[in-house]
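J.: Chains P and H supply the protein sequences, listed in that same order.
Counting with this note's numbering, you get residues 1 to 333 for the letters of the first sequence.
Counting with this note's numbering, you get residues 1001 to 1302 for the letters of the second sequence.
The structure under discussion is supplied below as structure tokens; questions concerning it will follow.
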Amino acid sequence: MTVAIDRATGKRRGDAPRPGLGQRLKHGYQKHWYAYVMIAPVVIVLGVLVLYPLAYGFYLTLTDANSLNTARTIGVNEIEATYKFIGLDNYADILWGETAYDRFWSHFLWTIVWTAACVALHYTIGLGLALLLNQKLRGRTFYRLILVLPWAVPTFVTVFGWRFMLADGGIINSGLEALHLPTPLWLEDTFWQRFAAIMVNTWCGVPFMMVSLLGGLQSIDASLYEAAEMDGAGAWQRFRYVTLPGLRSVSSTVVLLGVIWTFNQFAVIFLLFGNTAPDAQILVTWAYYLGFGQQPRDFAQSAAYGILLLAILIVFTSFYRRWLNRNEQQLAI
Amino acid sequence: MSTTTVETSADVTEQRSAGRPGRARGRGERGPLASLVSHGVLIGAGLIALFPIAWLVFLSLGPDKDDYLHPGRIWSKMTFDNYAFVLQDTNFFDWLKSSLIVSLGTTVIGVLIAATTGYAVSRMRFPGYRKFMWVLLVTQMFPVAVLMVPMYQILSELQLIDTYLGLILVYCSTAVPYCAWLLKGYFDTIPFEIDEAGRVDGLTPFGTFARLILPLAKPGLAVAAFYSFITAFGEVAFATTFLLDDEKYTLAVGLQSFVSEHDAQRNLMAATAVLIAIPVSAFFYLVQKNLVTGLTAGGTKG
């Protein structure tokens, strides 16, 4: 009865004939009650702070709530909520309604491009730098400290640094002009806004990848490289057949984290452009704009975007896990 | 003697440029060229990493708000006036106080609530375990947009908009599951034999947790605490929306207010940015190594 740690013994259970339902419930309660007590605080917090708002938010997506018809207090007057239930109209409107392309699909495509480009850049640059830092090199610690800097300084600070640099007449355009190169309007022209957003986010995100992958590289057994070399493997082959497989578990985790974080990246785009760049908004910032950046605030649509975003992420994560499991890759996250 | 050295190195370079392998090298040794390339790339990357921040520091020394357009002029009139102004005549310390209250509140609540859960999911397999882990995972990938609208409605009904408590509660919705996840990863690295020994000596599961595991898990708790702190400190979306009074702004919101309200006082903004960045990054460097171990351990251990 005291065997709480049934990881080791778990497989041995099941020899005995299966008891009845009541018996099992009682047994389960006796065996696991302390586990349930221990997770209770988190369950309660999640229920109150996550599930209830989520359910309430989902309910709002089925209404036409906006800042003009929700309950609010103006001075001493309390105004009752007058929004009404409209079913799935919000979702239909977002996905198939008139101008759905401009409102949803264009942002959706841009979000996909944004996520893919950023994570690919994070990963390749991070891996490259990690490989460089993993060799015996003078000043390695110093390089590492410098390269981690974009992660160490809060994003909301560094983004403003970038804004000064990218501004028209800022240092980047002055530099480009001095080199007689074209000087794009980084913060005004849609293409260059997107380019700048990816650039800034790449700058912010590489250190995390680099440090994680460096940790992964250092945990690869050196004797594997020796063995590969004995078998006559060249540098590329050692990288392909020793380094990459050795990094697989770290990679699968950081890529998933990277995708989730980038997809949800709010601060970079919001602080870089504010409300000035409707076409460079990814879905998250666009949903924020609908709900809080315009008047009247469209709460219902904003919440509906939120639910759609969550659905996209959950579907992606499920496929990702399945895809990894196909390769017999363990991933707890 | 010196002649020989020169000859040898020239020899090696020649051989490398011809594409033939040089003399057999030991593992981990590289030719001077490869080493040079490594240093070159790292220096380049280092400059890119450093430059935007260095630039911010440089601009913060220029007294006029348009100095960022004429950086050359700053050299001749460098001054710390911006810093003096920010510290004396803005709400900087109010913002700092708000940031600290909110971040520390989130951290303490997050770690306290999550600790037992992290232990339970690390050690025990109970019915519903997989579903529970799935919920913990899914809550970590909530986009801000999902909870913002309902939270705004609920908090305004409870009169918690524009209060620290409201913001702390919102942050806990992500901090708590995240801490639980992170701590599970750390508890997994503590040998199960310790639990068994405690149990044999007659401790209850709670006793084992409180007396044996918790003291051993201090580094893990520190990482979880630090991570919640950093996340709450740097959060932008909720803070921008839920805080209305400019004395209650967190630093993340206060920094933005330089652009909108005071017609873009970029010099002051840069000075504030530097004032925020210095302590945070110093703190970051102190704990950075543990942070990464904690993050990836949580993910890779089943």
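Glycine residues also receive a C-beta, built at the ideal position from the N, C-alpha and C atoms.
1. Taking its Cβ as the centre, do 16 or more other Cβ atoms sit within 10 Å of PRO1032/H, making it buried, or is it exposed?
2. Where does PHE191/P land, buried or exposed, given buried means 16+ other C-beta within 10 angstroms?
3. Between the Cα of TYR59/P and those of ASN90/P, GLY246/P, PRO245/P, spot the shortest distance and give me the residue it belongs to.
4. Hey, does PRO245/P have any beta-carbon neighbour from chain H nearer than 9 Å?
5. Look at the alpha carbon of VAL284/P and the alpha carbon of ASN325/P, and state the distance between them as a whole number of angstroms.
6. So what's ILE79/P in DSSP terms, helix, strand or just coil?
7. Here's the rule I'm using: 16 or more other beta-carbon atoms within 10 Å means buried, otherwise exposed. How should TYR1285/H be labelled?
8. Listing by chain order, which chain H residues have their CB less than 9 Å from the CB of THR82/P?
9. For GLU80/P, collect the residues of the same chain with a Cβ closer than 8 Å to its Cβ; drop the 5 residues on either side in sequence, then sort them by chain order.
10. By Cβ distance below 6 Å, which residues in the same chain neighbour ASP279/P in space, the five residues on each side in sequence not counted?
11. Could you confirm whether any beta carbon from chain B is found closer than 9 Å to the beta carbon of SER302/P?
12. Taking 9 Å as the CB-CB limit, is THR1107/H close to chain P?
13. With distances taken from CA atoms, which of ARG248/P, VAL48/P, GLY97/P, ARG138/P is nearest MET1151/H?
14. Measuring CA to CA, which of PRO1052/H, TYR1119/H, THR1090/H is closest to CYS1179/H?
15. Which runs of the alpha helix (DSSP H) spanning at least 4 residues fall entirely within the stretch 1230-1268 of chain H, listed in chain order?
16. Check the Cβ of SER1281/H against every Cβ in chain P and list those closer than 8 Å, keeping chain order.
17. Going by DSSP, what residue range makes up the alpha helix (DSSP H) through SER223/P?
18. Would you verify that the beta carbon of ARG326/P is, or is not, closer than 9 Å to some beta carbon of chain H?
19. I need the straight-line Cα distance from SER1103/H to ALA1239/H, nearest angstrom please.
20. For the alpha helix (DSSP H) that VAL1102/H lies in, which residues bound it at each end?
21. Are the C-beta atoms of TYR91/P and some chain H residue less than 9 Å apart?
22. Going by beta-carbon coordinates alone, are GLY293/P and VAL1149/H separated by less than 9 Å?
23. Going straight from the alpha carbon of VAL339/P to that of THR1117/H, what length do you get?
24. Among ILE1278/H, CYS1172/H, ASP1245/H, GLY1046/H, which residue has its Cα nearest to the Cα of ARG144/P?
25. Is there a Cβ from chain H that is less than 9 Å from the Cβ of HIS32/P?
26. For a contact meaning CB atoms closer than 7 Å, what does ILE1053/H contact in chain P?
27. Taking only beta-carbon atoms, is ILE1266/H less than 9 Å away from chain P?
28. The alpha helix (DSSP H) spanning HIS107/P covers which residue range?
29. Between GLY306/P and chain H, is any beta-carbon pair separated by less than 9 Å?
30. Please determine, among GLY306/P, ILE172/P, GLY128/P, PHE195/P, the residue with the shortest C-alpha to C-alpha distance to PHE104/P.
31. Please confirm if ILE1276/H has its CB atom under 9 Å from at least one CB of chain P.
32. Counting only C-beta atoms, is VAL1086/H closer than 9 Å to chain P at any point?
33. So, are the CB atoms of PHE164/P and ILE171/P less than 9 Å apart?
34. Any idea if THR1079/H is buried or exposed, counting beta-carbon neighbours within 10 angstroms, 16 or more meaning buried?
35. Rounded to whole angstroms, what's the CA-CA distance from SER251/P to GLN135/P? Just pull it up for me.
T.: Per the coordinate set shown:
1. exposed
2. exposed
3. ASN90/P
4. no
5. 29 Å
6. strand
7. exposed
8. Per Cβ cutoff of 9 Å: no residues; THR82/P is ~14 Å from chain H at best.
9. ALA71
10. THR190
11. Any reference to chain B falls outside this structure, whose protein chains are P and H.
12. no
13. VAL48/P
14. When each option's Cα is compared against that of CYS1179/H, the closest is TYR1119/H.
15. 1237-1242, 1251-1260
16. LEU149, ALA152, VAL153
17. 222-230
18. no
19. Distance between the alpha carbons of SER1103/H and ALA1239/H is about 11 Å.
20. 1092-1123
21. No, its Cβ sits nowhere closer than 9 Å to a Cβ of chain H.
22. no
23. Nothing about residue 339/P can be read from this structure; chain P reaches only from 1 to 333.
24. GLY1046/H
25. yes
26. Residues of chain P passing the Cβ test: LEU149, VAL153, THR158, GLY161.
27. For the record, residue 1266/H in the displayed sequence is Arg; it is not Ile. Closer than 9 Å: yes.
28. 106-133
29. yes
30. GLY306/P
31. yes
32. no
33. yes
34. exposed
35. 20 Å
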